[in-house]
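In terms of our numbering, the sequence shown has 152 at position 152, counting the first letter as 1, and numbering is strictly consecutive.
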Amino acid sequence: MPVSVAERELTSLARLAHAHAARLARIGITPDKVALLARFARRLGALEKAWQKARGAVQLTSAQRRLRDEAEALDAKLVAGGRWGCRNDPAAQAELSRIADGSGLADTIQDLRDLVDFWSDHESALGVTDITRKDLERARALADALEDAAANEASDASAAHALELRNRAFWAADELAKEIREGGRYAFRDQPKLAARFVSRHRATLNRRSRLKAKKAETDALSEQTAGI
């Protein structure tokens with residue numbers, strides 16, 4: 001999840017939880033936790049700006065920056081496809097969570113290599129995603145092409161420190177948000193519309209898009225089979 005999106009969702013969740021603090025407190029989601037979530041949202045935004053500033057000072061060529069942006073987009077695509085294609089495989093989901101943990105160029109490079117291996121092990125699930133063989137080949141090529149750029153970024157102490165601080169805040173906030181979201185859905189299980197507001201819109205949108213893409217792929221495949229009869 002992009003940090004800018006996470007910041008907005010954390011702020012929105014904190015406001016929602018604050019509005020229903022009394023009922024949440026009865027199930028263990030205390031006002032202190034809600035207040036901490038709001039502070040995380042503010043802190044995360046500041047740390048993201050600090051990291052982007054430090055990262056921007058690292059001397060990457062324009063070509064390397066374009067490759068980095070392409071790699072990050074492909075990383076997200078390969079993970080999203082796995083979330084959908086292997087949705088009924090708990091072990092695969094755990095592996096995807098491990099791969100997705102972290103950020104930064106060096107992490108993106110490792111993600112791409114791990115995702116190529118992941119899809120080699122789950123090749124049968126490719127058919128219900130929009131991931132192509134060319135995507136996997138491109139992932140390998142991008143990982144190799146960005147090695148020098150990653151070395152430059154990692155050697156910059158300011159960027160590395162800023163990234164570490166941002167990541168710590170992000171994952172701590174994410175864990176707290178998960179607890180509050182689950183608590184909200186439980187506390188208001190008798191009010192479905194209100195409970196639904198505790199769901200991450202970003203993750204719900206990604207899941208919906210993945211389902212639509214998979215449905216389209218199945219429809220296209222069926223059409224091709226019918227045409228061949």
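Cβ atoms here follow ideal geometry from the backbone N, Cα and C, with glycine treated the same way.
Note that the C-beta distance between GLU48 and ARG168 is not below 7 Å. Between the stretch 116 to 135 and the stretch 81 to 93, the count of Cβ pairs shorter than 8 Å is three or higher; the stretches touch.
Assignment of ILE109 by DSSP, reduced to helix, strand and coil, places it in the helix class. Under the DSSP assignment, LEU16 falls in the alpha helix (DSSP H) whose first and last residues are 3 to 19. DSSP, read as helix, strand or coil, puts ARG68 in helix. Straight-line measurement puts the Cα of ALA54 at about 9 Å from the Cα of HIS161. In the three-state DSSP reduction, ASP135 falls in the helix class (H, G or I). When VAL199, ALA145, GLY184 are compared, the shortest CA-CA separation from ALA63 is found for ALA145.
In the structure shown, GLN191 falls within a coil segment according to DSSP collapsed to helix, strand and coil. Taking a contact to require three or more Cβ pairs closer than 8 Å, the stretch 35 to 46 and the stretch 97 to 113 do not qualify as touching. DSSP places ARG98 in the uninterrupted alpha helix (DSSP H) bounded by 90 to 100. ASP32 counts as exposed, since fewer than 16 other C-beta atoms from the protein chains shown sit within 10 angstroms of its C-beta. Its chain contains LEU136, ALA139, ARG140 as the residues whose beta carbon lies nearer than 7 Å to that of VAL116, once the 5 sequence neighbours on both sides are disregarded; these appear in chain order.
Taking each of ILE29, LEU142, GLU9 in turn and checking the Cα distance to GLY184, the smallest one comes out for ILE29. DSSP, reduced to helix, strand and coil, places HIS161 within a helical segment of the structure shown.
In this structure, GLY45 places its C-beta atom within 7 Å of the C-beta atom of GLU7. One alpha carbon belongs to GLY81, the other to ASN88, and they sit about 13 Å apart. The straight-line gap separating the alpha-carbon atoms of GLY85 and ALA76 is approximately 14 Å. With respect to ALA19, VAL34 sits apart: the two C-beta atoms are not nearer than 7 Å. Proximity to ALA125 across ALA159, ALA151, ARG83, LYS134 peaks at ARG83, based on C-alpha coordinates. Between the beta-carbon of PHE198 and that of ARG181 there is about 5 Å, and that keeps the pair under the 8 Å contact cut. Just so you know, the alpha carbons of ARG68 and LEU194 end up roughly 40 Å apart. DSSP, reduced to helix, strand and coil, places ARG168 within a helical segment of the structure shown.
A Cβ-Cβ contact shorter than 7 Å links LEU24 with ALA187.
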